[in-house]
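**Student:** Supplied in structure tokens, the structure appears directly below.
Number of protein chains: 6
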Amino acid sequence: MSFTHFDAQGNAVMVDVSAKAETAREAVAAGRVTAAPETIALIRDNRVGKGDVLAVARLAGIMAAKRTADLIPLCHPLALTSVAVDLALNEAEHAVEITATCRITGRTGVEMEALTAVSVAALTVYDMCKAVDKGMRIEHVRLVIKTGGKSGPYQER
Amino acid sequence: MSFTHFDAQGNAVMVDVSAKAETAREAVAAGRVTAAPETIALIRDNRVGKGDVLAVARLAGIMAAKRTADLIPLCHPLALTSVAVDLALNEAEHAVEITATCRITGRTGVEMEALTAVSVAALTVYDMCKAVDKGMRIEHVRLVIKTGGKSGPYQER
Amino acid sequence: MSFTHFDAQGNAVMVDVSAKAETAREAVAAGRVTAAPETIALIRDNRVGKGDVLAVARLAGIMAAKRTADLIPLCHPLALTSVAVDLALNEAEHAVEITATCRITGRTGVEMEALTAVSVAALTVYDMCKAVDKGMRIEHVRLVIKTGGKSGPYQER
Amino acid sequence: MSFTHFDAQGNAVMVDVSAKAETAREAVAAGRVTAAPETIALIRDNRVGKGDVLAVARLAGIMAAKRTADLIPLCHPLALTSVAVDLALNEAEHAVEITATCRITGRTGVEMEALTAVSVAALTVYDMCKAVDKGMRIEHVRLVIKTGGKSGPYQER
Amino acid sequence: MSFTHFDAQGNAVMVDVSAKAETAREAVAAGRVTAAPETIALIRDNRVGKGDVLAVARLAGIMAAKRTADLIPLCHPLALTSVAVDLALNEAEHAVEITATCRITGRTGVEMEALTAVSVAALTVYDMCKAVDKGMRIEHVRLVIKTGGKSGPYQER
Amino acid sequence: MSFTHFDAQGNAVMVDVSAKAETAREAVAAGRVTAAPETIALIRDNRVGKGDVLAVARLAGIMAAKRTADLIPLCHPLALTSVAVDLALNEAEHAVEITATCRITGRTGVEMEALTAVSVAALTVYDMCKAVDKGMRIEHVRLVIKTGGKSGPYQER
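Chains as they are written, first to last, in the working numbering: chain A, 1 to 157; chain B, 158 to 314; chain C, 315 to 471; chain D, 472 to 628; chain E, 629 to 785; chain F, 786 to 942.
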């Protein structure tokens, strides 16, 4: 078992996917931002008319997915065909739940794009709410589903 | 209690900091990537000579701090004077621990820069190791310390 | 009368503002997107609950203001202290009216930042609505007010 | 009739083009910058030897077309195969006329790329000339021709 | 013999590659940074444990290859499938030798991506070492091999 | 003698300049592109009317200076107050000579900005001419003058 992002001398490399076939690929990632109950209530109460934190974070997540190769050093630049980011309030657990789904027909997977979308959407929730709650935390950012590609499907257990 | 990033009509705005004084500001953020014990061992064993995951992630985090205003819609563009990102293996808890410290003399804080550095360093750890462990998770991304600025210091409890 | 962005040999140059004093500066720009009456009605009807075109365009305008120096070859990179973008429906004239206000304490003005915010907000309105109306037009993008700096205030007549 | 950039709940989405076929696509956009007659004369007189405003704006437009997906939140990242931007003086109407043509073989159209190229070329003309004429205006930015793709050709009337 | 990046009127254009077939393409570029012998010794001595200049420069080169179309005005945006950057100390000639290899299946070559990777890796070596040696020089940045595409293979003599 | 860009453990760091005073700083860098005599003649003959390679490269260099902190991992983001790039034909030595001058009032120097401007201008010359001459080389990229800052002036010998 070894890392694919280093060569035999330990030098960082972008994995060569030139010989891979283009296939339909999808990745779903998820995460959450936990906050004080009052913060979650404030996000909820402001959704209609006074300023929708979740809508801003959704856009930030979508735009960040497109910047993944600029941010993650060894990621391939990819022409994503679909990015969707969903945010929902989980009032019982005082959290904003975030899910991102990315698709491409390409030579490499889009896990990092989905994870980046979730992370930047979460950071944006933090930014929008930090004046009222600096104790928020980003938790459980993870890959949920991956399909397409030679390594076979992945499903979070 | 209300959000600073919306005006009275609920429109998203960048907070106007024109009238604020320039002061020395610092923010420390932290987070971790949890992984299978074998993955943590592999990261450890590869540090000397075969490819240093943590060194790649450190650079990615530093570079991402500089891109914060590109990623987070309502963040101000800032001329950071210092960014440091530290990654360390926590073998007992099967985790990579990440800390980022940002400094500026400016009109607004650098929390988002530190949190972005931690998040992108964590995403880079995921990217480097995902061929061997897709079940890794990014956890506990949070603000640890904030000093400078009118709102007073913040210290994670 | 001559251009400031060329030297005596006609070579493009970034104007040297090193010797200028830092002063408080503001610029207001405006413009509009004209559309079919049905398109304007659709934007209006979708604002509550079904998808707010103007909110997406507002964010795009704010983010674009921060990218001005990346887009306009001879613009100085600036640390904007405030960006506000407003969009409103003008149903009588079948248009979306867009205004952007930028502020900085710096050595050079922020007209281009305000104009870039208006233009990208307008382009985003077009993008969001183009499936139903390809005949929309961006009109009257112009500087409305400029204050601060040696050249004195400017007010659109 | 509804917007394609929102889902049934009104959340902004990037349209999923994964299932679309790759076809040859082209878009032509146009617009103009109006200015004082003296400004147009100055642009004309400086073209040979003293600094070519139109050449700088042409390059800015070409480069901006490549940044479209960074600027317009729900645009897909695209590997453009051709971008051409033309600028010409219209002395009779005291204007700089701008046209941009983009091409791709891909799953989605390039209207936004052409419109972005026109807009940024126009902004660059403004920037280059604003020291002598702050009253310039960007007008009539619009789609002229679109071919390729399922929705059929579009021709400005 | 004429330039491909200008039209008949001398206007800069991005070459239209829409009609070209997608083929496998590769480019190898090389260059070096010359330095004082003490600087080369310091780089060598720090490689283990104290800070690896070459590893930082390698990552910078890989990331820069992905930014080529942002930097070089008339370059096409490309979805690179492989980027490798190698740096080695040439102690006899007091130099850091840099090689970059880029691959793609596409309509245009990747020479500029390989040359950009070498240049930015070299600039990064300079940046890392400039506190001890401002007299370093970047030399011999050139195309070594190019394969694929209609114009046939190129091999540096 | 040691590197400033690594901490005591050998981790890459952005140098902390928070405590430095803001002073006027300038850096001049230079370099050249060598080419076949026919290529130099073609650049010269095309300058009037048929397409000015040097004007395109000048703009690319200016724009690249503004992107330096995006490219060089440990560079600070800076608000440059002046960037000038000059290109001249040296027909006797079959070369394009490139010089870049950057200025700032800030806490850190602008050597990297000037060197990046030279490098990207040189790469752009290569790109514009590569269809006629793949054997061009970028040579002698170096710091010529540096003033301002605690370490004192530097003058190339």
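Even glycine gets a Cβ: it sits at the ideal position worked out from N, Cα and C.
With distances taken Cα to Cα, identify the nearest neighbour of Leu558/D among Cys546/D, Asp478/D, Ala490/D and Arg529/D.
**Tutor:** Ranking the options by Cα distance to Leu558/D, first place goes to Arg529/D.
**Student:** Between which two residues does the beta strand (DSSP E) containing Glu627/D stretch?
**Tutor:** Under the DSSP assignment, Glu627/D falls outside any beta strand (DSSP E); it carries neither an H nor an E label.
**Student:** Could you name each continuous beta strand (DSSP E) segment of 3 residues or more that falls completely within the stretch 262-313 of chain B, going from the start of the chain to the end?
**Tutor:** 294-304
**Student:** List, in chain order, every chain B residue whose beta-carbon is nearer than 9 Å to that of Ala683/E.
**Tutor:** Chain B residues near Ala683/E: Asp209, Ala212, Val213 and Leu216.
**Student:** When you compare the CB of Asp133/A with every CB in chain I, is at least one pair closer than 8 Å?
**Tutor:** The question asks about chain I, but that chain is absent: this structure's protein chains are A, B, C, D, E and F.
**Student:** Please confirm whether Ser82/A has its beta-carbon closer than 8 Å to some beta-carbon of chain D.
**Tutor:** yes
**Student:** With a threshold of 8 Å between beta carbons, is Ile925/F in contact with chain B?
**Tutor:** Contrary to the premise, residue 925/F reads as His rather than Ile in this sequence. So, not an interface residue.
**Student:** Tell me whether Asp52/A is buried or exposed, calling it buried when 16 or more other Cβ atoms sit within 10 Å of its Cβ.
**Tutor:** buried
**Student:** Under 8 Å, Cβ to Cβ, is there at least one residue of chain C near Thr595/D?
**Tutor:** yes
**Student:** Got a sec, what are the start and stop residues for the beta strand (DSSP E) Ala393/C sits in?
**Tutor:** Element bounds for Ala393/C: n/a, residue is neither H nor E.
**Student:** Under 8 Å, with one C-beta from each stretch per pair, do the stretch 88-98 of chain A and the stretch 8-22 of chain A reach the 3-pair mark?
**Tutor:** no
**Student:** By the DSSP assignment, the beta strand (DSSP E) with Glu26/A in it spans what residues?
**Tutor:** Thr23 to Thr34
**Student:** Is Thr225/B helix, strand or coil by DSSP?
**Tutor:** helix
**Student:** Along the stretch 888-903 of chain F, what residues have a CB closer than 7 Å to any CB found in chain C?
**Tutor:** Arg888 and Thr890
**Student:** Name, in chain order, the residues that DSSP records as bridge partners for Ile376/C.
**Tutor:** Bridge partners of Ile376/C: none, in fact.
**Student:** Considering only residues of the same chain and omitting the five flanking positions on each side of Ala707/E, which have a CB-CB separation below 8 Å?
**Tutor:** Ile732 and Gly734
**Student:** Taking Met799/F as the query, report the chain C residues whose CB atoms sit under 8 Å from its CB, ordered along the chain.
**Tutor:** For Met799/F, there are no neighbours in chain C by C-beta distance under 8 Å, as the nearest C-beta there is about 17 Å away.
**Student:** Rounded to whole angstroms, what is the Cα-Cα separation between Met756/E and Val929/F?
**Tutor:** 18 Å
**Student:** Could you have a look at Leu513/D and say whether DSSP puts it in helix, strand or coil?
**Tutor:** helix
**Student:** Look up Val172/B in the DSSP assignment and say whether it is helix, strand or coil.
**Tutor:** Three-state result, Val172/B: coil.
**Student:** Sort out for me which residues DSSP pairs Arg888/F with in a bridge.
**Tutor:** Glu811/F and Ser867/F
**Student:** Identify which residue in Asp644/E, Gly763/E, Thr775/E and Glu741/E has its Cα closest to the Cα of Ile700/E.
**Tutor:** Glu741/E
**Student:** Listing by chain order, which chain B residues have their CB less than 7 Å from the CB of Ala64/A?
**Tutor:** Leu228
**Student:** Please state if the CB of Val185/B and the CB of Thr258/B are separated by a distance shorter than 8 Å.
**Tutor:** yes
**Student:** Under 8 Å between C-beta atoms, does Asn404/C make it to chain F?
**Tutor:** no
**Student:** What is the rounded straight-line gap between the Cα of Asp227/B and the Cα of Tyr283/B?
**Tutor:** 22 Å
**Student:** Given that Asn325/C touches chain F, what residues does it touch there, using C-beta distances under 9 Å?
**Tutor:** What Asn325/C touches in chain F: Leu839, Ala840, Arg843, Ala869, Val870, Asp871 and Leu872.
**Student:** Examine the Cβ distances between the stretch 191-203 of chain B and the stretch 349-357 of chain C and report whether three or more of them are shorter than 8 Å.
**Tutor:** no
**Student:** For Gly934/F, I'd like the list of residues in its chain whose CB is within less than 7 Å of its CB, leaving aside the five on either flank, ordered along the chain.
**Tutor:** Thr808, Arg810 and Gly894
**Student:** Examine chain B for any beta-carbon lying closer than 8 Å to the beta-carbon of Ala393/C, and answer yes or no.
**Tutor:** yes
**Student:** For Ala214/B, name the three-state secondary structure that DSSP assigns.
**Tutor:** helix
**Student:** Judging by CA-CA distance, which residue of Val13/A, Lys134/A, His140/A and Met136/A is the nearest neighbour of Gly318/B?
**Tutor:** The structure shown does not extend to residue 318/B, since chain B spans only 158 to 314, so no value can be given for it.
**Student:** Give the straight-line distance between the Cα atoms of Leu231/B and Ala95/A, rounded to the nearest whole angstrom.
**Tutor:** 21 Å
**Student:** Does Gly815/F come within less than 8 Å of chain C when only Cβ atoms are used?
**Tutor:** The residue asked about is misnamed: residue 815/F is Ala in this sequence, not Gly. Output row for Ala815/F: interface = no.
**Student:** Express the C-alpha separation of Val841/F and Ala640/E in angstroms, rounding to a whole number.
**Tutor:** C-alpha of Ala640/E to C-alpha of Val841/F: approximately 8 Å in a straight line.
**Student:** Would you mind stating whether Ala217/B and Thr256/B have Cβ atoms separated by less than 8 Å?
**Tutor:** no
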